[in-house]
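Below you'll find the structure, written out as structure tokens, and then a few comments.
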Amino acid sequence: MIDRASPPIPEDSSLEELQSSLPIGRTIFTIGMTVLAFAFTGLALLPLLAILFAILRQGLPNLNWETLTSLPAPVGMEGVANGFANATLGTLIMVGIASLISIPFGLMTGIFLSEFSRDSKVASAIRFITTVLTGIPSVIVGVFAYAVVVLTTGGFSALAGGFALSILMLPVVALTTEEALKLVPISQRLASAALGSNRFQTTFKIVVATALPGITTGILLAVARAAGETAPLIFTALFSDNWPTGLSDPTPSLSVLIYNYANSPFSEQNELAWTASVVLVSLILLISVLSRLVTRRIIKS
Amino acid sequence: MDYNASDKIVKRIYPEVKDLSAVSQSAPEELITALKIRNLSCYYGDKKAVDSVSMDIYQGQITAIIGPSGCGKSTFIKAINRISELEAKVRFEGDVEFFGQNIYNRRVNLNKLRRQIGMVFQKPNPFPISIYDNVAYGIRVAGRKSRSELDEFVESALRGAAIWDEVKDNLKKSALGLSGGQQQRLCIARALAVKPKMLLMDEPCSALDPIATMKIEELLQTLREELTIAIVTHNMQQASRVSDYTAFFNTDESRIGQLIEFGPTAKIFTDATNPGTRDYIAGRFG
Numbered sequence: 001m002i003d004r005a006s007p008p009i010p011e012d013s014s015l016e017e018l019q020s021s022l023p024i025g026r027t028i029f030t031i032g033m034t035v036l037a038f039a040f041t042g043l044a045l046l047p048l049l050a051i052l053f054a055i056l057r058q059g060l061p062n063l064n065w066e067t068l069t070s071l072p073a074p075v076g077m078e079g080v081a082n083g084f085a086n087a088t089l090g091t092l093i094m095v096g097i098a099s100l101i102s103i104p105f106g107l108m109t110g111i112f113l114s115e116f117s118r119d120s121k122v123a124s125a126i127r128f129i130t131t132v133l134t135g136i137p138s139v140i141v142g143v144f145a146y147a148v149v150v151l152t153t154g155g156f157s158a159l160a161g162g163f164a165l166s167i168l169m170l171p172v173v174a175l176t177t178e179e180a181l182k183l184v185p186i187s188q189r190l191a192s193a194a195l196g197s198n199r200f201q202t203t204f205k206i207v208v209a210t211a212l213p214g215i216t217t218g219i220l221l222a223v224a225r226a227a228g229e230t231a232p233l234i235f236t237a238l239f240s241d242n243w244p245t246g247l248s249d250p251t252p253s254l255s256v257l258i259y260n261y262a263n264s265p266f267s268e269q270n271e272l273a274w275t276a277s278v279v280l281v282s283l284i285l286l287i288s289v290l291s292r293l294v295t296r297r298i299i300k301s
Numbered sequence: 001m002d003y004n005a006s007d008k009i010v011k012r013i014y015p016e017v018k019d020l021s022a023v024s025q026s027a028p029e030e031l032i033t034a035l036k037i038r039n040l041s042c043y044y045g046d047k048k049a050v051d052s053v054s055m056d057i058y059q060g061q062i063t064a065i066i067g068p069s070g071c072g073k074s075t076f077i078k079a080i081n082r083i084s085e086l087e088a089k090v091r092f093e094g095d096v097e098f099f100g101q102n103i104y105n106r107r108v109n110l111n112k113l114r115r116q117i118g119m120v121f122q123k124p125n126p127f128p129i130s131i132y133d134n135v136a137y138g139i140r141v142a143g144r145k146s147r148s149e150l151d152e153f154v155e156s157a158l159r160g161a162a163i164w165d166e167v168k169d170n171l172k173k174s175a176l177g178l179s180g181g182q183q184q185r186l187c188i189a190r191a192l193a194v195k196p197k198m199l200l201m202d203e204p205c206s207a208l209d210p211i212a213t214m215k216i217e218e219l220l221q222t223l224r225e226e227l228t229i230a231i232v233t234h235n236m237q238q239a240s241r242v243s244d245y246t247a248f249f250n251t252d253e254s255r256i257g258q259l260i261e262f263g264p265t266a267k268i269f270t271d272a273t274n275p276g277t278r279d280y281i282a283g284r285f286g
């Protein structure tokens, strides 16, 4: 490199000064808006924090091994282990049934919409119906499941509850699957086709495999949503104070337990409702965090 | 217009074009036609994109397809393995025979066709899986192979694409960790792994730096012994360096791509018959 002095800067009156301070009005506006934005953010977070605080304050003191592992004690009984293990188990069973139904159907719907019929009339009809389904109030889904399963089988059951939850999960799984698949670039599909693979191989070996983290996130969010639902379960699974005895018997769940016990006149049941809330919220939080971790893995790779 | 002057320019810009006298010895009679294209027209919906192209692509030769943007080069090359059918609503008219078999026959198995006529795309597009799995993908979808056979195929494909030495210790690592040039050579290896008879390349170097480009050009010369290659390129120096035959495409006033001239590269670059070709080669437009 040649070492030499820079040529002198020409004196040019048309050159504009690069540095300038903002007008005072703008500065005040900027500060004011920043404060306002922070204030509203805090306001928006307030309910969430308040709920978490209330639940933890009332529920944590009773959270111990006993409440997690034993059945609800009959009201008025002293010195008997009191808990809601049956409800936790029931929630897991019914969310499991719902997943078994909704994940295969939802996945296949998403794959059909994205890969096999993207621009057809059938696809746009399915997409519209699925979107409408996401907006249906869960209580109506509960009544529907009551009419379709409970009335025909002649009783409240875990199967009916799982069926109701699966209807709530189905559109979420289908739509997030479609979105995740759409994010896979067309160049990947072309590369696969150019190597002589047929549509089925391209779809399952390349497109779905690439989109798997995104699909997993969608499924976990749907599971988290279903785990917290109450209304559909009141109409379908009902409740019981005992262990779940079979898939065709009334089955307890955390959300219905909270609903029942929070309205109860007995203080020990009220306390149990608070503790069950802690467990339910932690469960949902855990699933959400899990889905976040999966998403982060996509961004990393 | 003074074409002698333009010839001088051509010789200055393209010093690597082989001497015309040397080319005339390998007359077309000795060559085997790999791809016989007759009156091929391509349509996107109702819009005609390429009009009535007739030319031959010879076995073991490298055929360059040059022309300004939007002249239908890519449309034309993507019609040969019918990959454009996946991207848009396309329709083809005319005949394309690959070693005597019409590729537009209704009964053609597209997977078999694409296994015979491989393709390398403009932007490197490795799958987000390991280097090994990328190369093995095409072999696996074609049918089951034993582990040792697969290893052998993958190694020979990677060697064939001159990337083996760079990746042999990292076969299990993600292909996305490679540089752009390496990714493109991996894509070539992936295409070679299914043992195609012909390789289509759609501007394979346009996203690469000069050194990576040079490596791929060198690679083309080693591949020609076993393969027939058709390469679309914007880079005319590249066409003059690597190819034996050149097809010049251009558009008419109605924006429909046409084949203007086809012939041995040396003839196209130094003694083109069509004034439009001469102007393009001399850099007067496009």
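Going down the list, the sequences are from chains A and B. Everything in the first sequence is counted per the numbering used here, starting at 1 for the first residue and increasing by one. Everything in the second sequence is counted per the numbering used here, starting at 1 for the first residue and increasing by one. Here a beta-carbon is modelled for each residue, glycine too, at the ideal position from N, C-alpha and C. Just so we're clear, the structure is a prediction, and the values are computed from it rather than from any experiment.
Start-to-end residues for the alpha helix (DSSP H) that takes in residue i
i	result
Asn170 of chain B	Counting along the chain, Asn170 of chain B falls outside any alpha helix (DSSP H), and DSSP gives it neither H nor E.
Glu152 of chain B	147-160
Ala44 of chain A	24-59
Thr109 of chain A	85-111
Cys187 of chain B	180-193
Ala239 of chain B	236-242
Glu225 of chain B	That residue, Glu225 of chain B, is in no alpha helix (DSSP H); it is neither H nor E in DSSP.
Ile281 of chain B	275-281
Thr375 of chain A	Residue 375 of chain A lies beyond the residue range present for chain A, which begins at 1 and ends at 301; the question has no answer from this structure.
Chain-order list of residues whose beta-carbon lies under 6 Å from that of residue i (same chain, five-residue window excluded)
i	result
Thr217 of chain A	Ser291, Val294, Thr295
Thr210 of chain A	Val184
Val139 of chain A	Ala231
Ile9 of chain A	none
Ala160 of chain A	Ala145, Val149, Val150, Thr236
CB contact check: residue i to chain A, cutoff 8 Å
i	result
Ile83 of chain B	yes
Tyr3 of chain B	Because Tyr3 of chain B carries a pLDDT of 49, less than 50, the predicted location of this residue cannot be relied on, and no value is offered for it.
Leu35 of chain B	no
Gly181 of chain B	no
Met214 of chain B	no
Arg371 of chain B	For chain B, the structure presents residues 1 to 286; residue 371 of chain B sits outside this window and is missing.
Lys168 of chain B	no
Phe121 of chain B	yes
Val232 of chain B	no
Asn105 of chain B	no
Gly118 of chain B	yes
Lys112 of chain B	yes
Arg86 of chain B	First, the amino acid is wrong: residue 86 of chain B is Leu here, not Arg. For Leu86 of chain B, the answer is yes, since a Cβ of chain A falls inside 8 Å of its Cβ.
Interface residues of chain A facing residue i [CB-CB closer than 9 Å]
i	result
Met194 of chain B	Looking at the sequence shown, residue 194 of chain B is not Met but Val. What Val194 of chain B touches in chain A: Leu195, Gly196.
Ala207 of chain B	Residues of chain A passing the Cβ test: none, with the nearest at roughly 12 Å.
Glu155 of chain B	Within 9 Å Cβ-Cβ: nothing; Glu155 of chain B doesn't reach chain A, min ~18 Å.
Val141 of chain B	Ser192, Leu195, Gly196, Ser197, Asn198, Gln201, Thr202, Lys205
Minimum Cβ-Cβ distance from residue i to chain B less than 8 Å
i	result
Ser187 of chain A	yes
Leu190 of chain A	yes
Gln201 of chain A	yes
Thr210 of chain A	yes
Sequence-distant residues of its chain with Cβ nearer than 7 Å to residue i (five each side left out)
i	result
Ile57 of chain B	Ala34, Leu35, Thr63, Thr228, Ala230
Gln25 of chain B	With a pLDDT of only 45 at Gln25 of chain B, under the threshold of 50, the placement of this residue in the model should not be trusted, and no figure is reported.
Gln183 of chain B	Pro124, Pro126, Ala175
Lys182 of chain A	Ser114
Contact list for residue i against chain B, beta-carbon separation under 7 Å
i	result
Ile206 of chain A	Phe127
Thr216 of chain A	Within 7 Å Cβ-Cβ: nothing; Thr216 of chain A doesn't reach chain B, min ~15 Å.
Thr302 of chain A	Lying outside 1 to 301, the shown extent of chain A, residue 302 of chain A is not represented and no answer is given.
Residue i Cβ short of 7 Å to the ligand COA heavy atom set
i	result
Phe105 of chain A	Looking for the ligand COA in the displayed structure turns up nothing, as the structure carries no ligands at all.
Endpoints, beta strand (DSSP E) assigned at residue i
i	result
Asp51 of chain B	47-58
Arg38 of chain B	33-44
Asn260 of chain A	Taken as a continuous stretch (DSSP letters only), Asn260 of chain A belongs to no beta strand (DSSP E), being part of the alpha helix (DSSP H) at 254-262.
Thr202 of chain B	The sequence as given places Asp at residue 202 of chain B; Thr does not occur at that position. Segment 198-202, the beta strand (DSSP E) holding Asp202 of chain B.
Phe248 of chain B	245-251
Leu259 of chain B	257-264
Thr228 of chain B	228-232
Beta-carbon neighbours of residue i, restricted to chain A and to distances below 7 Å
i	result
Tyr137 of chain B	Leu195
Arg190 of chain B	Leu195
Proximal residues to residue i (C-beta, below 8 Å), its chain only, five neighbours per side dropped
i	result
Asp95 of chain B	Lys36, Ile37, Arg38, Asn39, Leu40, Asn102, Tyr104
*Enumerate, from N- to C-terminal direction, the unbroken alpha helix (DSSP H) stretches of 4 or more residues contained entirely within the region 66-140 of chain B.*
73-80, 84-87, 110-116
_Every unbroken alpha helix (DSSP H) within the region 126-164 of chain A, with a cutoff of 4 residues, ordered by chain_ = 138-145
*Which ranges does the alpha helix (DSSP H) cover as unbroken runs of at least 4 residues, wholly within the region 166-246 of chain A, from first to last along the chain?*
186-194, 208-227, 231-236
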